[in-house]
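So the structure is just underneath, and the comments pick up after that.
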Amino acid sequence: MDKRTKIVLFSIVATVLLIILIAVTPEIVKYVDENRAVAIVNGEKITKKEFAINYKSQVNYYGLDKAFLSQKVGDKTYEQQIKENVLDGLIIRQIELQQAKKRNITLTAEEKKAIDQQIQQYKSDSQSGAEFKQYLQTIGATENEYKDQVIKSQIVSKLYNEVTKNQRATNAEIENYYNSHKSDFVQVKASHILFKVNDSKEELEKKKKAEEVLQMIKSGQSFEKLAQKYSEDETTKQKGGDLGYFRKGQMVKEFEDAAFSLNIGEISSVIKTSYGFHIIKVTDKKQLLLSDVKDEIKSTIESQKKEEYYQSLIKKWKKGAKVKKFEDVLKSVSI
Numbered sequence: 001m002d003k004r005t006k007i008v009l010f011s012i013v014a015t016v017l018l019i020i021l022i023a024v025t026p027e028i029v030k031y032v033d034e035n036r037a038v039a040i041v042n043g044e045k046i047t048k049k050e051f052a053i054n055y056k057s058q059v060n061y062y063g064l065d066k067a068f069l070s071q072k073v074g075d076k077t078y079e080q081q082i083k084e085n086v087l088d089g090l091i092i093r094q095i096e097l098q099q100a101k102k103r104n105i106t107l108t109a110e111e112k113k114a115i116d117q118q119i120q121q122y123k124s125d126s127q128s129g130a131e132f133k134q135y136l137q138t139i140g141a142t143e144n145e146y147k148d149q150v151i152k153s154q155i156v157s158k159l160y161n162e163v164t165k166n167q168r169a170t171n172a173e174i175e176n177y178y179n180s181h182k183s184d185f186v187q188v189k190a191s192h193i194l195f196k197v198n199d200s201k202e203e204l205e206k207k208k209k210a211e212e213v214l215q216m217i218k219s220g221q222s223f224e225k226l227a228q229k230y231s232e233d234e235t236t237k238q239k240g241g242d243l244g245y246f247r248k249g250q251m252v253k254e255f256e257d258a259a260f261s262l263n264i265g266e267i268s269s270v271i272k273t274s275y276g277f278h279i280i281k282v283t284d285k286k287q288l289l290l291s292d293v294k295d296e297i298k299s300t301i302e303s304q305k306k307e308e309y310y311q312s313l314i315k316k317w318k319k320g321a322k323v324k325k326f327e328d329v330l331k332s333v334s335i
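This note's numbering numbers the first residue of the sequence shown as 1 and each following residue consecutively.
This is how it looks when you write it as structure tokens:
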């Protein structure tokens, strides 16, 4: 091969390499940028890409836009506050994952398979599949990156269950809770007559009708028969408006407040809720026994104890962690 041929071949190879380099350079730059650290926790990196996925997921969940994010509260914008909160959450999660690793807590093959099956189920349905694809695009994540976030979340959940498993409620604690929260364990049985309000235009008319029916009840007419005739609650009207038994927290507040303030046999005034206007009659009231609600109280106490204990561990772990944040990288993330 003569010198001239070698020069030509060298030029061709150089040109091809240059074309390849030009083509891949944006991807290389993007990869390097996305893998910059927003924080380092005990020597482990939280990447800009992972932060961006979680930040955009929060923004998407609450439906926030750039105009809202740019607003200030005090000396910080909502964007700054949300970014700081998301980063703090990721730092805590990184610490939790490190604690899980120390305890050899991982997902089993079956648990990982269940995640894959769930993702495939999303994708197989035409509507949820399109929504899932759009969601990934919105948060800037690949399917594998999304799966990685789910895996990490489940590992943290397993860590929580493992370290809090000995937080149990004693019989004495259960009894004390019952005695100090007795009013929470009262059941009321009530009936109502409902006058639905679909828009503000008919509000006065419906209130007037409710007041008229209330006067009929006060004059001695049967509540149950009036409910069958006038109530617009199709589920209960044929039963004379009977709603059965319920406890606090099961009805809208205005309805609940009125019902629990009445004695057996008493009739309320006209009560307005988001559904419309109600006339309420309490037909029974009873105190649940400790034996009726023991399991519920046990679950409540244990949930509280587990959360308090876990938060004390988080505080301890966080105090012992070495954390470094990179504010310039944090600022470079945008929706």
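Ideal Cβ placement from N, Cα and C applies to all residues, glycine included.
Excluding the five sequence neighbours on either side, which residues of its own chain have a C-beta within less than 7 Å of the C-beta of E302, listed in chain order?
The residue given as residue 302 occupies position 302 in the sequence shown. Only Q167, R168 and A169 meet the Cβ criterion.
Since I believe T273 is in contact with F341 (beta carbons under 8 Å), could you give me their beta-carbon distance rounded to a whole number of angstroms?
Any property of residue 341 remains undetermined from this structure, which presents the chain solely from 1 to 335.
Between the C-alpha atoms of I95 and V333, what's the straight-line distance to the nearest angstrom?
By 1-based counting over the sequence shown, the position of residue 95 is 95. By 1-based counting over the sequence shown, the position of residue 333 is 333. Going by the C-alpha atoms only, they are around 23 Å apart.
How do the stretch 269-288 and the stretch 203-210 stand: do at least 3 beta-carbon pairs fall below 8 Å, yes or no?
yes
Y178 classed as buried or exposed, judged by whether at least 16 other C-beta atoms fall within 10 angstroms:
Here residue 178 refers to the residue found at position 178 when the sequence shown is read from its first residue. Counting Cβ neighbours within 10 Å, Y178 comes out buried, since at least 16 surround it.
Using three-state DSSP, classify S222 as helix, strand or coil.
The residue given as residue 222 occupies position 222 in the sequence shown. It is coil, neither helix nor strand.
Taking C-beta to C-beta, are K285 and V188 nearer than 9 Å?
Translated into the one-based positions of the sequence shown, residue 285 becomes position 285. Translated into the one-based positions of the sequence shown, residue 188 becomes position 188. Cβ distance < 9 Å, so K285 and V188 count as in contact.
Pick from Y146, D328 and F68: whose alpha carbon is nearest that of I335?
As a position in the sequence shown, residue 335 is number 335, starting the count at 1. Comparing Cα-Cα distances from I335 to each of Y146, D328 and F68, the minimum goes to F68.
Would you call the stretch 192-208 and the stretch 230-239 touching, i.e. three or more CB-CB distances under 8 Å?
yes
Neighbourhood of F223 by C-beta distance below 6 Å, restricted to the same chain and skipping five residues each side
As a first step, residue 223 is located in the sequence shown; it is residue number 223 there, counting from the start. Taken in chain order, the residues that qualify are I217 and K281.
I believe E329 touches R36 by the beta-carbon criterion, under 8 Å. Please report the beta-carbon distance rounded to the nearest angstrom.
Indexing the sequence shown from 1 puts residue 329 at position 329. Indexing the sequence shown from 1 puts residue 36 at position 36. Rather than Glu, the amino acid found at residue 329 in this sequence is Val. Rounded, the Cβ-Cβ distance is 5 Å, consistent with contact.
With a Cβ-Cβ cutoff of 9 Å, do Y322 and I40 count as a contact?
Indexing the sequence shown from 1 puts residue 322 at position 322. Indexing the sequence shown from 1 puts residue 40 at position 40. The residue asked about is misnamed: residue 322 is Lys in this sequence, not Tyr. Yes. Within cutoff.
Would DSSP call L313 helix, strand or coil?
In the sequence shown, the residue the question calls residue 313 occupies position 313. If DSSP states are grouped into helix, strand and coil, L313 belongs with the helices.
Closer than 9 Å, CB to CB, is R168 near chain D or not?
Absence of chain D from the displayed structure is noted, only one protein chain being present.
Can you check the stretch 82-153 for any alpha helix (DSSP H) of at least 4 residues that lies completely inside it and give the ranges in chain order?
109-124 and 126-139
Ordered list of beta strand (DSSP E) runs contained in the stretch 253-309, each at least 3 residues:
271-273 and 276-287
Under 9 Å between the Cβ atoms of V38 and K48?
Within the sequence shown, the letter at position 38 stands for residue 38. Within the sequence shown, the letter at position 48 stands for residue 48. Result yes, Cβ atoms of V38 and K48 sit closer than 9 Å.
Hey, how far is the Cα of T164 from the Cα of E308?
For the purposes of this step, residue 164 is identified with residue 164 of the sequence shown, where counting begins at 1. For the purposes of this step, residue 308 is identified with residue 308 of the sequence shown, where counting begins at 1. One C-alpha to the other measures close to 10 Å.
From the DSSP output, read off the bridge partner residues of T164.
Your numbering for residue 164 matches position 164 in the sequence shown. Answer is none; T164 lacks a bridge partner.
In three-state terms, what does DSSP make of A227?
The count along the sequence shown starts at 1 and reaches residue 227 at position 227. Looking at A227 - three-state DSSP - the assignment turns out to be helix.
Here's the rule I'm using: 16 or more other beta-carbon atoms within 10 Å means buried, otherwise exposed. How should T283 be labelled?
As a position in the sequence shown, residue 283 is number 283, starting the count at 1. With 16 or more Cβ atoms within 10 Å of its Cβ, T283 is classed as buried.
Following the continuous beta strand (DSSP E) through L194, name the residue where it begins and the one where it ends.
Taking the first residue of the sequence shown as position 1, residue 194 is located at position 194. Where L194 is concerned, the enclosing beta strand (DSSP E) stretches over V186 to K196.
Could you compute how far the alpha carbon of D242 sits from the alpha carbon of E131?
Here the question's residue 242 lines up with position 242 in the sequence shown. Here the question's residue 131 lines up with position 131 in the sequence shown. Spanning the two alpha carbons is a distance of roughly 41 Å.
Answer yes or no: do Q287 and K182 have a C-beta to C-beta separation smaller than 9 Å?
Start at 1 with the first residue of the sequence shown, and residue 287 comes out as number 287. Start at 1 with the first residue of the sequence shown, and residue 182 comes out as number 182. A contact, by the Cβ cut-off of 9 Å.
Express the C-alpha separation of D148 and E79 in angstroms, rounding to a whole number.
In the sequence shown, the residue the question calls residue 79 occupies position 79. In the sequence shown, the residue the question calls residue 148 occupies position 148. Taking the straight line from one Cα to the other gives about 25 Å.
Alpha-carbon to alpha-carbon, E232 and V204:
Stepping through the sequence shown from its first residue, residue 204 is reached at position 204. Stepping through the sequence shown from its first residue, residue 232 is reached at position 232. Residue identity differs from the one stated: residue 204 is Leu in this sequence, not Val. Going by the C-alpha atoms only, they are around 16 Å apart.
To the nearest angstrom, report how far apart Q127 and D116 are at their CA atoms.
Here residue 127 is taken as the residue at index 127 of the sequence shown, counted from 1. Here residue 116 is taken as the residue at index 116 of the sequence shown, counted from 1. Roughly 18 Å between the two C-alpha positions.
Alpha carbon to alpha carbon, how far is A258 from E44? Give it in angstroms, no decimals.
Stepping through the sequence shown from its first residue, residue 44 is reached at position 44. Stepping through the sequence shown from its first residue, residue 258 is reached at position 258. Cα to Cα, E44 sits roughly 56 Å from A258.
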